[in-house]
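Chemist: Using the working numbering, the first residue of the sequence shown is number -4, and each one after it goes up by one.
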Amino acid sequence: MASDLHVQISPSLLAADFANLGRQVQEAAEAGADSIHVDVMDGHFVPSISFGEILVDAVRRSTDLPLNIHLMVQEPDDLLAGFAKSGTDQVIVHAEASTHLHRTVYHVKELGCQVGVALNPATPISVVEELLPFLDIALVMTVNPGFGGQSFIPSTLGKVRRLRSLVQELGCKTRIEVDGGVKADATAQDSVRAGATILVAGTAVYNRQQTVSQAMERLRSCIQGLKAD
Ligand code: DX5
Ligand code: ZN
């Protein structure tokens, strides 16, 4: 059941120092990150443009950790093969960005990757209900996508809880991931209690106040021993 899974931490590179990206990835790996979250933005689905396949390749060369690739990209199908090059990777597409979500999900699976679907704060769970048994990850956006450093939207916790119930009801193994505004405080703790088993953390891990190792330690100890209610 989802509640018995080890809670994973996935540092988001969006907040990292891009001039020292390889080192920042290695620091996260040494500090016990479970995967590296990579935010791909296209300037259409979200206003910003972040980076593409070439940079994802560079990140892949700097770590053996799975890459948790979050595609904030309108109609991602033509780009999937370029990003999905390793069976250990996790490719997450947005429900709102794909006209034929079932086809997109199967395309990722055929490429040998784990597949996830992300839901914006205003998108209901019903959009992924039919696909849930086929998903490795359901990502609940806890901010509106597009920028790091935003505040966690508390009402999204209800969606995490309902999603967890549905995952249990259907008996599937889908992990629930939360992304946006997660810090070493009630945002991380409440997310875990609600049923999240992957926490994305950008500015909570990469910031000027502490080292990556200290930040990861704070995050890990703040959720120590917590489980879904
Ligand atoms: C936002 C991105 C997030 C972002 C999180 O659209 O999907 O992954 O990097 O950053 P923080 O943790 O700073 O909110
Ligand atoms: Zn993200």
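Built from N, CA and C at the ideal position, the CB exists for glycine as well.
(1) So the candidates are Thr137, Phe142, Arg170, Ser93; which of them puts its Cα closest to the Cα of alanine 223?
(2) Let me make sure I understand the geometry here. Which of Ile44, Val88, Asp180, Arg55 has the alpha-carbon closest to that of arginine 215?
(3) Distance, Cα to Cα, arginine 159 vs phenylalanine 40?
(4) Put isoleucine 148 into one of helix, strand or coil per three-state DSSP.
(5) Thinking isoleucine 218 and valine 2 are a contact (beta carbons under 8 Å), I'd like their distance in whole angstroms, please.
(6) Which ranges does the beta strand (DSSP E) cover as unbroken runs of at least 3 residues, wholly within the segment 34 to 77, from first to last along the chain?
(7) Given that a residue counts as buried once 16 or more other Cβ atoms are within 10 Å of its Cβ, and exposed if not, what is isoleucine 44?
(8) Hey, how far is the Cα of glutamate 212 from the Cα of histidine 65?
(9) In its own chain, which residues sit with a C-beta less than 8 Å from the C-beta of aspartate 131, not counting the 5 before and 5 after it?
(10) Kindly indicate which three-state DSSP category leucine 16 falls into: helix, strand or coil?
(11) Which of the three DSSP states is assigned to aspartate 174 in this structure?
(12) On the DSSP bridge assignment, give the partners of glycine 111 in chain order.
(13) Just to check, is the beta-carbon of threonine 198 closer than 8 Å to a non-hydrogen atom of the ligand DX5?
(14) Give me the residue from Glu48, Asp34, Gln184 with the minimum Cα distance to alanine 113.
(15) Roughly how many angstroms separate the alpha carbons of glycine 115 and serine 57, rounded to a whole number?
(16) Is the Cβ-Cβ distance between glycine 175 and valine 138 less than 9 Å?
(17) Inspect the beta-carbon positions of valine 195 and valine 177 and report whether they are closer than 9 Å.
(18) Could you tell me the alpha carbon to alpha carbon distance between isoleucine 31 and glutamine 209, rounded to whole angstroms?
(19) Counting along the chain, where does the beta strand (DSSP E) carrying leucine 194 start and finish?
(20) Should histidine 32 be counted as a contact of the ligand ZN given a C-beta to heavy atom distance under 8 Å?
(21) Are there any heavy atoms of the ligand DX5 lying less than 8 Å away from the beta-carbon of aspartate 174, as far as the coordinates show?
(22) Among all the DSSP beta bridges, which residues are the ones paired with histidine 32?
(23) For glutamate 105, which three-state DSSP category applies?
Modeler: Reading off the structure:
(1) Along the sequence shown, one-based indexing puts residue 223 at 228. The residue among Thr137, Phe142, Arg170, Ser93 with its C-alpha nearest the C-alpha of alanine 223 is Arg170.
(2) Numbered from 1 along the sequence shown, position 220 holds the residue referred to as residue 215. For the set Ile44, Val88, Asp180, Arg55, the Cα lying nearest the Cα of arginine 215 is the one of Asp180.
(3) Taking the first residue of the sequence shown as 1, we reach residue 159 at position 164. Taking the first residue of the sequence shown as 1, we reach residue 40 at position 45. When rounded, the separation of the alpha-carbon atoms in arginine 159 and phenylalanine 40 is 27 Å.
(4) Mapped onto the sequence shown, residue 148 falls at position 153. DSSP, reduced to helix, strand and coil, places isoleucine 148 outside both helices and strands of the structure shown, so it counts as coil.
(5) Locating residue 218 in the sequence shown gives position 223, where the first residue counts as 1. Locating residue 2 in the sequence shown gives position 7, where the first residue counts as 1. Between the beta-carbon of isoleucine 218 and that of valine 2 there is about 6 Å, and that keeps the pair under the 8 Å contact cut.
(6) The beta strand (DSSP E) runs of length 3 or more contained entirely in the segment 34 to 77 are, from start to end of the chain, 62 to 67.
(7) Taking the first residue of the sequence shown as 1, we reach residue 44 at position 49. So isoleucine 44 ends up on the exposed side.
(8) Counted from its first residue, the sequence shown places residue 212 at position 217. Counted from its first residue, the sequence shown places residue 65 at position 70. Answer to the nearest angstrom: the Cα atoms are 24 Å apart.
(9) Within the sequence shown, numbered from 1, the residue matching residue 131 stands at position 136. So the qualifying residues of the chain are Gln85, Gln109, Val110, Gly111, Lys168, Thr169, Arg170.
(10) Start at 1 with the first residue of the sequence shown, and residue 16 comes out as number 21. Of the three classes helix, strand and coil, the one that applies to leucine 16 here is helix, per DSSP.
(11) In the sequence shown, the residue the question calls residue 174 occupies position 179. In the structure shown, the three-state DSSP call for aspartate 174 is strand.
(12) The residue given as residue 111 occupies position 116 in the sequence shown. Ile87, Ile132.
(13) The residue given as residue 198 occupies position 203 in the sequence shown. Short note on threonine 198: C-beta closer than 8 Å to some heavy atom of the ligand DX5.
(14) Here residue 113 refers to the residue found at position 118 of the sequence shown. Considering only Glu48, Asp34, Gln184, the residue with the shortest C-alpha distance to alanine 113 is Asp34.
(15) Within the sequence shown, numbered from 1, the residue matching residue 115 stands at position 120. Within the sequence shown, numbered from 1, the residue matching residue 57 stands at position 62. The sequence shown places asparagine at residue 115, not glycine. Taking the straight line joining both Cα atoms gives about 30 Å.
(16) Position 180 of the sequence shown, counting from 1, holds the residue named residue 175. Position 143 of the sequence shown, counting from 1, holds the residue named residue 138. Yes.
(17) For the purposes of this step, residue 195 is taken as residue 200 along the sequence shown, with counting starting at 1. For the purposes of this step, residue 177 is taken as residue 182 along the sequence shown, with counting starting at 1. Contact flag set, yes.
(18) Within the sequence shown, the letter at position 36 stands for residue 31. Within the sequence shown, the letter at position 214 stands for residue 209. Straight through space, the alpha carbons of glutamine 209 and isoleucine 31 are spaced by roughly 17 Å.
(19) Translated into positions along the sequence shown, residue 194 becomes position 199. Taken as a continuous stretch (DSSP letters only), the beta strand (DSSP E) holding leucine 194 covers 193 to 196.
(20) The count along the sequence shown starts at 1 and reaches residue 32 at position 37. Result yes, Cβ under 8 Å from the ligand ZN.
(21) Translated into positions along the sequence shown, residue 174 becomes position 179. True, at least one ligand heavy atom lies under 8 Å from that Cβ.
(22) By 1-based counting over the sequence shown, the position of residue 32 is 37. Ser7, Asn63.
(23) Indexing the sequence shown from 1 puts residue 105 at position 110. Judged by DSSP in its simplified three-state form, glutamate 105 adopts helix.
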